[in-house]
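According to our numbering, the stretch in the sequence shown is residues 250 to 339, in order.
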Amino acid sequence: MPAENGRGLHEQGSFTPSWRDSRGENNREAPPGRPADAAGLEAIGEDLQRQYAKLANRGQSATDAVAKDSYLRAAEALSGEIEKYLRMRA
């Protein structure tokens with residue numbers, strides 16, 4: 250919705266930058282949440298492995314069939330992410 254002065258939100262100095270701003274020539278930094286070095290990648294791999302083990306253990310120990318299936322499917326999906334991570338590291 251235009252402001253009283255007729256300018257759109259992207260021209261009013263809003264708090265969130267426009268997608269156009271992120272495509273500029275001077276925007277060369279890594280996206281947020283992306284590790285800057287190999288130690289960061291290693292930490293991500295360890296975290297993924299811990300999460301997988303936790304989900305798999307909960308799935309094995311769950312007594313409710315629906316919960317068990319849910320935990321095991323989540324662990325399976327996470328194992329796919331771990332495979333992607335390992336390919337990325339190679």
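Positions of the beta carbon are idealized from the N, C-alpha and C atoms, including for glycine. It should be emphasised that the depicted structure is a prediction, and the values quoted were computed from it without experimental measurement.
query	result
Do you know whose CA, among Ala324, Gly308, Asp313 and Tyr320, lies nearest Gln298's CA?	Ala324
Between Arg307 and Tyr320, how many whole angstroms is the CB-CB distance? I'm expecting something under 8 Å.	5 Å
Rounded to the nearest angstrom, what separates Leu327 and Tyr301 at their Cα positions?	6 Å
Comparing alpha-carbon positions, which option in Asp296, Val315 and Ala316 lies nearest Ile331?	Asp296
Going by beta-carbon coordinates alone, are Arg340 and Leu290 separated by less than 8 Å?	Lying outside 250 to 339, the shown extent of the chain, residue 340 is not represented and no answer is given.
Return helix, strand or coil for Ala316, following the three-state DSSP convention.	helix
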